[in-house]
Amino acid sequence: MTATVRSEVHEGIATLTLDQAQTLNALAPPLLEALLAALRACAADDRVRAIVLTGAGRAFSGGGDIGYFGEVLAGGPAHAQEEIGRGMEDVGNPITQAIADCAVPVVAAVNGPCVGAGVGIALAADVVIAARSAYFLVPQVSQLGAVPDLGATWSLPRLLGRSRALGMALLGERIDAARAEQWGLIWRCVDDAALPEEAHAIAKRLGNASAAALRDTRQLIDAASDNTLARQLSDECAAQRRHVAGEFFNNACARFLARARSD
1 MTATVRSEVH
11 EGIATLTLDQ
21 AQTLNALAPP
31 LLEALLAALR
41 ACAADDRVRA
51 IVLTGAGRAF
61 SGGGDIGYFG
71 EVLAGGPAHA
81 QEEIGRGMED
91 VGNPITQAIA
101 DCAVPVVAAV
111 NGPCVGAGVG
121 IALAADVVIA
131 ARSAYFLVPQ
141 VSQLGAVPDL
151 GATWSLPRLL
161 GRSRALGMAL
171 LGERIDAARA
181 EQWGLIWRCV
191 DDAALPEEAH
201 AIAKRLGNAS
211 AAALRDTRQL
221 IDAASDNTLA
231 RQLSDECAAQ
241 RRHVAGEFFN
251 NACARFLARA
261 RSD
């Protein structure tokens with residue numbers, strides 16, 4: 001059976017590639033299961049310091065597999081509810097959570113269309129960059145009569161604000177990579193040919209940073225919209241107490257002091 005997700009580790013960077021180009025990397029159950037397993041394997045691999053997540057062929061992901069939806073709908077509405085709901089609970093949602101909770105930073109390299117549930121997966125990453133030819137599309141409401149999923153309704157308003165998040169979700173219009181960068185949906189839009197190199201350069205930079213500090217910073221920023229200023233200041237202080245006692249901080253300060261004394 002052909003692998004649905006290709007996993008490679010080189011110099012501490014794991015590259016996970018959705019590898020079903022013939023279906024535009026549609027998120028069928030086998031691909032989702034393989035992606036979840038690959039993410040968990042990377043998180044448990046001491047060699048891995050950062051992860052790059054991308055797609056094979058001309059798409060990051062075309063979103064949910066309509067063929068699969070047709071199969072489950074053939075069993076009737078109750079069967080579809082059970083199968084799709086269980087799939088989200090057991091595999092789809094855990095993928096987004098695994099990316100968000102990953103012990104190492106995750107870079108999403110969006111190489112082409114990023115559609116539907118693929119948007120939720122991509123935006124769960126710590127840093128998202130996109131090829132200039134890529135676009136983001138949330139079609140569930142306008143085309144399918146369903147809701148955005150796999151975390152899209154969580155990430156979109158936090159990244160874009162309510163107005164743009166609702167416009168993108170309700171109207172189902174394509175947001176090209178340049179506009180996505182302008183809006184703050186992604187970190188950077190790059191030329192198509194430069195995407196792999198840029199993604200790996202970012203992953204390498206993140207991999208050389210303190211994994212614990214990266215993780216705490218992600219958690220602090222995610223919690224900020226729900227916290228009072230007083231609570232956020234308290235949480236920052238608690239995190240800082242942990243990190244200033246750590247080896248990474250002490251070594252970094254020693255290097256800066258040595259450099260200052262030599263100048």
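Per this note's numbering, the very first residue in the sequence shown carries number 1; after that it's consecutive. Each residue gets a CB set at the ideal place from its N, CA and C atoms; glycine is no exception. Model, not experiment: these values are computed from the prediction.
In the DSSP assignment, Leu206 forms no beta bridge with any residue. Sorting Arg162, Arg174, Leu195, Pro94 by C-alpha distance to the C-alpha of Ile121 places Pro94 at the top. For Ala254, the three-state secondary structure derived from DSSP is helix. Under the three-state reduction of DSSP output, Arg47 falls in the coil class, being neither helix nor strand.
A residue is called buried once 16 or more other Cβ atoms fall within 10 Å of its Cβ, and Phe256, having fewer, is exposed.
Under the criterion of beta carbons closer than 8 angstroms, His243 and Ala224 do not qualify as touching, at roughly 18 angstroms. Per DSSP, Arg215 has no beta bridge partner at all. For Leu24, there is no enclosing beta strand (DSSP E), as DSSP marks it with neither H nor E.
Excluding the 5 residues flanking it on each side, Ser262 has no same chain C-beta neighbour closer than 7 angstroms. Short of 7 angstroms from the beta carbon of Asp176, and not among the five residues preceding or following it, lie these beta carbons of its own chain, in chain order: Tyr135. Annotated three-state conformation of Ala130 is strand, per DSSP. Going by C-alpha positions, Ile202 is about 10 angstroms away from Ile129. Scanning the region 109-181 from its first residue to its last, the whole beta strand (DSSP E) runs of 3-plus residues come out as 127-131, 135-137. Cys237 counts as exposed, since fewer than 16 other beta carbons sit within 10 angstroms of its beta carbon. Of the residues assessed, Asn25 falls on the buried side of the cut-off, its CB having 16 or more other CB atoms within 10 angstroms. Taking a 10 Å sphere around the C-beta of His79, we find fewer than 16 other C-beta atoms and assign the residue as exposed.
The beta carbon of Arg215 is closer than 8 angstroms to those of Ala103 in its chain, skipping five residues each way along the sequence.
Straight-line measurement puts the Cα of Cys189 at about 30 angstroms from the Cα of Pro29. Bounds of any beta strand (DSSP E) do not take in Ser234; it lies within the alpha helix (DSSP H) bounded by 229-244. Rounded to whole angstroms, the Cβ separation of Ala3 and Ala34 is 7 angstroms, and the two are in contact under 8 angstroms. As a beta-bridge residue in DSSP terms, Gly55 pairs with Leu18. Rounded to whole angstroms, the separation of the alpha carbons of Ala169 and Phe69 is 21 angstroms.
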